Amino acid sequence: MNTASIISIKNMTKRFPVGKGEFTALENINLEFGEGEFAGLVGPSGSGKTTLLNIIGSLDSPTEGTATVMGKNIAQLSHKESALLRNLHIGFIFQSYNLLPVYTVFENVEFALLLQNHTASERRKAVMDALEWVGLTDKVKSKPAMLSGGEGQRVAIARAMVKRPKILLADEPSANLDAKNSHQILKTMKQLNKELKTTFIFSTHDEKVMQYLDRTISLADGKVVKDELTVAANAG
Amino acid sequence: MLAFKLAFKNLIGAGLKTWLNVLVLSLSFVIIIFYNSMMDGWDQQAQTDTIAWEIGQGQLWEKDYDPYDPYTLIDAHAPISPEMKSQVESDALVPVLITQASVYPQGRMQNILLKGIPSDQQLLDLPTSALGTDGDETKAIIGKRMAEATKLKEGDKVLLRWRDKNGTFDAREITIANVFDNNVPSIDNGQVWLPLSTLQDMTGMQDEATLLVTGSNYVPVNNENWTFKGHEFLLADLKTIIQSKKGSAAIMYILLLGIALLAIFDTQVFSIFRRQKEIGTYIALGMTRSQVVKLFTIEGGAHSILAAVVGAIYGIPLFIYLKNVGIPIPAASQNAGVPMASEIIPVYGISLILSTILLVVIAATIVSYLPARKIARMNPTEALKGKIQ
Numbered sequence: 000m001n002t003a004s005i006i007s008i009k010n011m012t013k014r015f016p017v018g019k020g021e022f023t024a025l026e027n028i029n030l031e032f033g034e035g036e037f038a039g040l041v042g043p044s045g046s047g048k049t050t051l052l053n054i055i056g057s058l059d060s061p062t063e064g065t066a067t068v069m070g071k072n073i074a075q076l077s078h079k080e081s082a083l084l085r086n087l088h089i090g091f092i093f094q095s096y097n098l099l100p101v102y103t104v105f106e107n108v109e110f111a112l113l114l115q116n117h118t119a120s121e122r123r124k125a126v127m128d129a130l131e132w133v134g135l136t137d138k139v140k141s142k143p144a145m146l147s148g149g150e151g152q153r154v155a156i157a158r159a160m161v162k163r164p165k166i167l168l169a170d171e172p173s174a175n176l177d178a179k180n181s182h183q184i185l186k187t188m189k190q191l192n193k194e195l196k197t198t199f200i201f202s203t204h205d206e207k208v209m210q211y212l213d214r215t216i217s218l219a220d221g222k223v224v225k226d227e228l229t230v231a232a233n234a235g
Numbered sequence: 000m001l002a003f004k005l006a007f008k009n010l011i012g013a014g015l016k017t018w019l020n021v022l023v024l025s026l027s028f029v030i031i032i033f034y035n036s037m038m039d040g041w042d043q044q045a046q047t048d049t050i051a052w053e054i055g056q057g058q059l060w061e062k063d064y065d066p067y068d069p070y071t072l073i074d075a076h077a078p079i080s081p082e083m084k085s086q087v088e089s090d091a092l093v094p095v096l097i098t099q100a101s102v103y104p105q106g107r108m109q110n111i112l113l114k115g116i117p118s119d120q121q122l123l124d125l126p127t128s129a130l131g132t133d134g135d136e137t138k139a140i141i142g143k144r145m146a147e148a149t150k151l152k153e154g155d156k157v158l159l160r161w162r163d164k165n166g167t168f169d170a171r172e173i174t175i176a177n178v179f180d181n182n183v184p185s186i187d188n189g190q191v192w193l194p195l196s197t198l199q200d201m202t203g204m205q206d207e208a209t210l211l212v213t214g215s216n217y218v219p220v221n222n223e224n225w226t227f228k229g230h231e232f233l234l235a236d237l238k239t240i241i242q243s244k245k246g247s248a249a250i251m252y253i254l255l256l257g258i259a260l261l262a263i264f265d266t267q268v269f270s271i272f273r274r275q276k277e278i279g280t281y282i283a284l285g286m287t288r289s290q291v292v293k294l295f296t297i298e299g300g301a302h303s304i305l306a307a308v309v310g311a312i313y314g315i316p317l318f319i320y321l322k323n324v325g326i327p328i329p330a331a332s333q334n335a336g337v338p339m340a341s342e343i344i345p346v347y348g349i350s351l352i353l354s355t356i357l358l359v360v361i362a363a364t365i366v367s368y369l370p371a372r373k374i375a376r377m378n379p380t381e382a383l384k385g386k387i388q
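Which chain is which? The protein sequence lines are A and B, in order.
Take 0 as the starting number for the first sequence in numbering that gives the first Met the number 0 and just add one per residue.
Take 0 as the starting number for the second sequence in numbering that gives the first Met the number 0 and just add one per residue.
What follows is the structure in structure tokens.
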């Protein structure tokens, strides 16, 4: 990539204790991600995609090596500092959407902004903008239980994007969606990536998602086996 | 503020489970306030009645007088000094002479305390005007408990036997001039009231008394025969009884509060187990672990705020109703030997209400915090997967 690096991973290894031994989830990973990338971590289950995503999202830290996100060494951040990093710069999209069930669509999207010091009117405008990006302005008062799978994931995208993060991490975002909805949300994300210059990193093994990626990083048994730029079939 | 807003949102969103906890907790609120207000009402009524009917603004006791030792009564009498007499005339002091005697209602002997009091006194609420000395008959008044125990009623005559100051027995027939209703057993049970002058004549204790009840215009006198006993002393037994009643009642509402708090604790433990994904999501969205702990603690503690509101919705009308009609007390309780009206008007002090709210809020917050601490040790990546930790 010719853009500035906002994520830098060097010689990173992640091991988890399993019984009396250890399981190596990631081994000697070296990756750089620039601003505005639309990249995917692909590979079978257990290949280390989610672990890598969690470390980039400062939800976990490496056992060896370094992971630097927005200039911050993840391993050296306190709980408070990593929360601040996520709060200001990182958005998450989960496979099962993880919407807060008692909140309306508006409140779910607003939640990310409540943790920042925005006024009510600023929040309202930002939430409505985000819902407009995903085409859900007519669902502001709906509860998550009243939404379809595609709508739920679009709310999750709006919630992740409303604070205009530098990085958006999406863990199997299409796994619970049918083909039509998968394409729809991927088009939306691609559009936001272009408009807002947000770096999107997916973890996926879904062919539909791969069609949209500009960069595909293949993982197997915790190692990067291929890192290639791709010409997205559905670009633009 | 954010934590409070989110906590209340989550709490209301939890639906029936929240409202069941809130209902039980609100019952604790209402019962604690109800019982304490009843006790305070009883305390206030008992003190007011005891002051009005028996002790006035304090009493001057003859130095040998001990109400718990009837053998002292033989010697517990002394002359009323001239300076005290002037205060008796202005109703600042009301002398009472006490001696032991027996009555024979329906031919059965019953030991009594015979008390002499001026028939024209206005200091105490006793209907002593009925003791007027018209005619030759000796008039007496008795309380409703005494009347019930002896089956005596107004107009009845009964034989009275007593000893004079030399120990000689004498007897005469007395007429019950009035049976008075009252809430103070200590001026009623086993007592017969006569005109002071009559009793002084009967006992040969002219111008003597066992005690003098003081009024608000009483001017203290120094006399070695008499010892002043104030409200603190004279009402001490009453206060002790009420405090012990309050203490025993506390067991009941501590149990109720315990059940409510256990329900909150259980809800919290269950919530933290069931809502792991939500906890992980909060952390992923940028909340710190301590913010999530705070959110869950406030959420649990907020049960008590909702309980106060729900308790107020049904409690306030109930309390107003009870304030107007009073709390009926069974007749048997009124014979328990302590001043107690047939209806107690509850007293709702602001300190009682605030301290009850504070107690419940603090207790609910503590039991909410204990399980919420677990969140601080949660691995967010595991929480996001909803795995048991």
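Just so you know, even glycine gets a beta-carbon here, dropped at the ideal spot from N, CA and C.
The model shown is predicted, which means the values in this text are computed figures rather than measured ones.
Within-8 Å CB hit, residue i to chain B
| i | result |
| --- | --- |
| H78 (chain A) | yes |
| G56 (chain A) | yes |
| R85 (chain A) | yes |
| A317 (chain A) | No information on residue 317 (chain A) is available, as it lies outside the stretch 0 to 235 that chain A covers here. |
| V101 (chain A) | yes |
| A74 (chain A) | no |
| A82 (chain A) | yes |
| E227 (chain A) | no |
Selection from the options that minimises the alpha carbon distance to residue i
| i | options | result |
| --- | --- | --- |
| L92 (chain B) | B:P117, B:I30, B:A259 | B:P117 |
| D63 (chain B) | B:E223, B:L321, B:E277, B:K293 | B:E223 |
| E172 (chain B) | B:N216, B:E207, B:P104, B:T209 | B:P104 |
| A6 (chain B) | B:V292, B:P327, B:K384, B:L19 | B:V292 |
| W60 (chain B) | B:K84, B:L96, B:I32, B:A51 | B:L96 |
| A340 (chain B) | B:K228, B:V183, B:I111, B:R160 | B:V183 |
| A129 (chain B) | B:W192, B:L158, B:L72, B:N165 | B:W192 |
| Y320 (chain B) | B:V359, B:L195, B:F33, B:T174 | B:F33 |
| I175 (chain B) | B:L123, B:G325, B:P219, B:V102 | B:V102 |
| L211 (chain B) | B:K322, B:N181, B:A75, B:F295 | B:A75 |
| L112 (chain B) | B:Y70, B:G131, B:Q44 | B:Y70 |
| K384 (chain B) | A:T103, A:F93, A:A119, A:Q75 | A:F93 |
| F22 (chain A) | A:L76, A:G221, A:S173, A:F91 | A:G221 |
| I278 (chain B) | B:V220, B:Q121, B:A371, B:S215 | B:A371 |
| I365 (chain B) | B:Y313, B:L353, B:D265 | B:D265 |
| Q199 (chain B) | B:F179, B:G12, B:A2, B:I79 | B:I79 |
Residue i - DSSP class collapsed to helix/strand/coil
| i | result |
| --- | --- |
| R158 (chain A) | helix |
| A38 (chain A) | strand |
| V291 (chain B) | helix |
| S101 (chain B) | strand |
| G246 (chain B) | helix |
| G235 (chain A) | Note that G235 (chain A) scores a pLDDT of 45, beneath 50, so its modelled location is shaky; the value from the coordinates is reported in the next line. Coil. |
| I263 (chain B) | helix |
| T50 (chain A) | helix |
| E31 (chain A) | strand |
| E381 (chain B) | helix |
| L157 (chain B) | Residue identity check: residue 157 (chain B) is Val in the sequence provided, not Leu. In this structure, V157 (chain B) counts as strand in the three-state DSSP scheme. |
| F269 (chain B) | helix |
| T118 (chain A) | coil |
| I278 (chain B) | helix |
| N323 (chain B) | helix |
| N72 (chain A) | strand |
| S89 (chain B) | coil |
| G148 (chain A) | helix |
| P194 (chain B) | strand |
CB contact check: residue i to chain A, cutoff 8 Å
| i | result |
| --- | --- |
| E277 (chain B) | yes |
| R273 (chain B) | no |
| G285 (chain B) | yes |
| T380 (chain B) | yes |
| G12 (chain B) | yes |
| T280 (chain B) | yes |
| L383 (chain B) | yes |
CB-CB length for residue i against residue j, believed under 8 Å
| i | j | result |
| --- | --- | --- |
| L389 (chain B) | F110 (chain A) | Since the displayed chain B opens at 0 and closes at 388, residue 389 (chain B) lies outside it and no answer follows. |
| G57 (chain B) | T213 (chain B) | 5 Å |
| W161 (chain B) | T98 (chain B) | 6 Å |
| T50 (chain A) | L25 (chain A) | 6 Å |
| T198 (chain A) | G70 (chain A) | About 14 Å; that fails the 8 Å criterion. |
| T355 (chain B) | I31 (chain B) | 5 Å |
| L10 (chain B) | A248 (chain B) | The Cβ separation is near 30 Å, so there is no contact. |
| K9 (chain A) | T62 (chain A) | That pair is no contact at about 14 Å. |
Subject >> the segment 218 to 244 of chain B: positions lying closer than 7 Å to chain A by Cβ >> reply: From the segment 218 to 244 of chain B, no residue has a Cβ closer than 7 Å to chain A.
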